[in-house]
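Protein chains in written order, with this note's numbering: chain C, 1 to 308; chain A, 309 to 616. Positions of the beta carbon are idealized from the N, C-alpha and C atoms, including for glycine. Small disclaimer: the values here were computed from a predicted structure and weren't measured. See structure below.
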């Protein structure tokens, strides 16, 4: 698997303020990579550096094998970028806006017309192609933005906050489109977001960026494991909670803590003690309603990182 | 670059403000030329260069066409330029366009060229309409000398308006807000068209005060200082340059020429000689335009393309 993005020790200072501070990033071919972080963490700056739209203060970057500062055109020819605050020429129609992009990409006129029609079809805007963009809703603009990115048939797509400010249904459509791009066209996709549950659904790998540094990186499972080193968390729901039961649970070998919260009991242990928990509950005379091992949601992982 | 050029040109020619300013200048300029033509055709002895007089003679209380163009022309230049770049940033189109595989300078060169072309089209059509008006009133066509001098006048006018265009574009790069760059351009316009004339007189009065009974030397000094200050203004440069072009017998500038007038024949000069007289003014105009463009270019090439 080739690397689409390779960044080492990336730094970008603005008048002494460190926007990106020693960032290492690697994205493999065919991946959907989520760049997460709070506002102002350096996500957009990182993206601008990858596209050669701003120069890094220090560090090395390679995008598809080219240095974006020295060979921006080669990078931009192969990379599609959906900016955060997406803008179109309001007086022009959707089709005219896309045709302009096609001309900038030097796609021949005949081919351009065909491609524009195609991408409009993909994002479902064929019906409104002749309308001026002024009348478009935020969701439609975003979809038009994706059409704009697809127009040049990129190998690598960077989406900056693709779903922010869009209603859940629209966001869902966009997420599906993103997965579709990877599956059908084999594109590598990098998206930045602070909307965790969405990223969680579609990303193969995520990187958490905080104060200009990548504080964690990996699949969701890996990140969860990092958060709780060697610890297992179980949630037990019973019909009745009393001190005797809690005492019995605490007595199980390997259990490090037991907390009750109404009918929900949270148990931390060093190993998988689920069979013994079940027995302890039954023996106490209560009924076992639910017993599950807890997997971390991205939100928890994320919060965990920023608490530290 | 051609894609940017054609789009920007289409935007300019279709934009409401361009049309408004075009018709403003057309109506005012046309009226002054018409009144000039009335005044000219009423004269006993016809001037040798009646078509040139059309642009320089004022009639019926209105200033000459030349005066109008020197005063209002800058506005049309500024109006085409003042939001060329910052509005693209504010709308969020800049980051989309510049993430396409085009060099940054293509984009801004395309904008400059399109602005120049729009100005050239506007000036050419106004001049042609005035010549047509002359044809209608006088009933005979302009001669070769007149045509070549009018063509030269056209070129100088486009350069002059081009200076204001590039000033507008420079401000549109320097200032993030379109309102700020518009106000800054207008402020500079007022300074050059009004205040510098007052200031020049003031400075000359201070350095070489004219009291009753002073020698001609002091007069000459007073005038040369005034001219020196005025030549910082593109408006004054333009007026001097076009005066020499449109009045073939014009031989010199300032008081020296005035004092010697009796001794110098008033026969018309060939175009080449007229050009020689105002060559410094022409070079300065071109230089001012290029300097504005160069500064814009340098700032823009290093600018970070962020869509906020």
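Check whether chain C comes within 9 Å of residue i, counting only Cβ atoms and requiring the distance to be less than that.
| i | result |
| --- | --- |
| residue 410 of chain A | yes |
| residue 423 of chain A | no |
| residue 529 of chain A | no |
| residue 473 of chain A | no |
| residue 419 of chain A | no |
| residue 454 of chain A | no |
| residue 403 of chain A | yes |
| residue 523 of chain A | no |
| residue 319 of chain A | yes |
| residue 315 of chain A | yes |
| residue 333 of chain A | no |
| residue 407 of chain A | yes |
| residue 613 of chain A | yes |
Have a look at residue i and residue j and give me their C-alpha separation to the nearest angstrom.
| i | j | result |
| --- | --- | --- |
| residue 206 of chain C | residue 243 of chain C | 42 Å |
| residue 151 of chain C | residue 178 of chain C | 15 Å |
| residue 238 of chain C | residue 264 of chain C | 7 Å |
| residue 326 of chain A | residue 320 of chain A | 6 Å |
| residue 217 of chain C | residue 223 of chain C | 7 Å |
| residue 539 of chain A | residue 532 of chain A | 10 Å |
| residue 340 of chain A | residue 602 of chain A | 36 Å |
| residue 240 of chain C | residue 256 of chain C | 22 Å |
| residue 211 of chain C | residue 313 of chain A | 41 Å |
| residue 318 of chain A | residue 430 of chain A | 14 Å |
| residue 346 of chain A | residue 129 of chain C | 54 Å |
| residue 299 of chain C | residue 175 of chain C | 18 Å |
| residue 316 of chain A | residue 61 of chain C | 34 Å |
| residue 25 of chain C | residue 185 of chain C | 23 Å |
| residue 323 of chain C | residue 267 of chain C | No answer is possible for residue 323 of chain C: the residues shown for chain C start at 1 and end at 308. |
| residue 96 of chain C | residue 453 of chain A | 46 Å |
| residue 167 of chain C | residue 139 of chain C | 8 Å |
| residue 514 of chain A | residue 495 of chain A | 25 Å |
| residue 485 of chain A | residue 524 of chain A | 51 Å |
| residue 4 of chain C | residue 33 of chain C | 11 Å |
| residue 118 of chain C | residue 411 of chain A | 27 Å |
CB-CB under 6 Å to residue i, same chain, minus the five flanking residues each way: which ones, in chain order?
| i | result |
| --- | --- |
| residue 123 of chain C | 143, 146 and 147 |
| residue 469 of chain A | 381, 385 and 427 |
| residue 105 of chain C | 152 |
| residue 250 of chain C | 258 |
| residue 314 of chain C | What is shown of chain C runs 1 to 308, which leaves residue 314 of chain C out entirely. |
| residue 530 of chain A | 512, 516 and 518 |
| residue 219 of chain C | 205 |
| residue 455 of chain A | none |
| residue 398 of chain A | none |
Tell me the residue span of the beta strand (DSSP E) that contains residue i.
| i | result |
| --- | --- |
| residue 46 of chain C | Where residue 46 of chain C is concerned, there is no enclosing beta strand (DSSP E), although the alpha helix (DSSP H) it sits in stretches over 43-50. |
| residue 4 of chain C | 3-14 |
| residue 33 of chain C | 32-36 |
| residue 232 of chain C | 232-238 |
| residue 156 of chain C | 156-160 |
| residue 82 of chain C | 79-82 |
| residue 612 of chain A | Unbroken run through residue 612 of chain A: none, as it is neither H nor E. |
Below 7 Å CB to CB, which residues in the same chain sit around residue i once its five sequence neighbours on both sides are set aside?
| i | result |
| --- | --- |
| residue 492 of chain A | 479 and 483 |
| residue 434 of chain A | 333, 334 and 337 |
Any beta carbon from chain A within less than 9 Å of residue i's own beta carbon?
| i | result |
| --- | --- |
| residue 39 of chain C | no |
| residue 103 of chain C | yes |
| residue 18 of chain C | no |
| residue 79 of chain C | yes |
| residue 156 of chain C | no |
| residue 42 of chain C | no |
| residue 120 of chain C | no |
| residue 88 of chain C | yes |
| residue 51 of chain C | yes |
| residue 91 of chain C | yes |
What does a CB cutoff of less than 8 Å around residue i pick up in its chain, not counting 5 residues either side in sequence?
| i | result |
| --- | --- |
| residue 464 of chain A | 546, 549, 550, 553, 590 and 593 |
| residue 54 of chain C | 12, 45 and 48 |
| residue 537 of chain A | 504, 507, 508, 511 and 512 |
Between which two residues does the alpha helix (DSSP H) holding residue i run?
| i | result |
| --- | --- |
| residue 169 of chain C | 168-185 |
| residue 460 of chain A | 452-482 |
| residue 217 of chain C | Taken as a continuous stretch (DSSP letters only), residue 217 of chain C belongs to no alpha helix (DSSP H), being part of the beta strand (DSSP E) at 213-218. |
| residue 444 of chain A | 412-446 |
| residue 360 of chain C | A question about residue 360 of chain C goes unanswered here, because the residues of chain C that appear run from 1 up to 308. |
| residue 550 of chain A | 542-554 |
Validate contact between the region 76-92 of chain C and the region 44-56 of chain C using beta carbons, cut 8 Å, 3 pairs:
yes
Counting Cβ pairs closer than 8 Å, one from the region 594-601 of chain A and one from the region 393-402 of chain A, do we hit at least three?
no
At least 3 beta-carbon pairs within less than 8 Å: the region 156-164 of chain C vs the region 180-199 of chain C:
Between the region 156-164 of chain C and the region 180-199 of chain C there are three or more inter-stretch CB-CB distances shorter than 8 Å, so the stretches are counted as touching.
Do the region 7-23 of chain C and the region 364-376 of chain A make contact, defined as three or more Cβ pairs closer than 8 Å?
no
Contact between the region 61-71 of chain C and the region 419-426 of chain A: three or more CB pairs below 8 Å?
As far as the Cβ criterion goes, the region 61-71 of chain C does not touch the region 419-426 of chain A, which means the pair count is below three.
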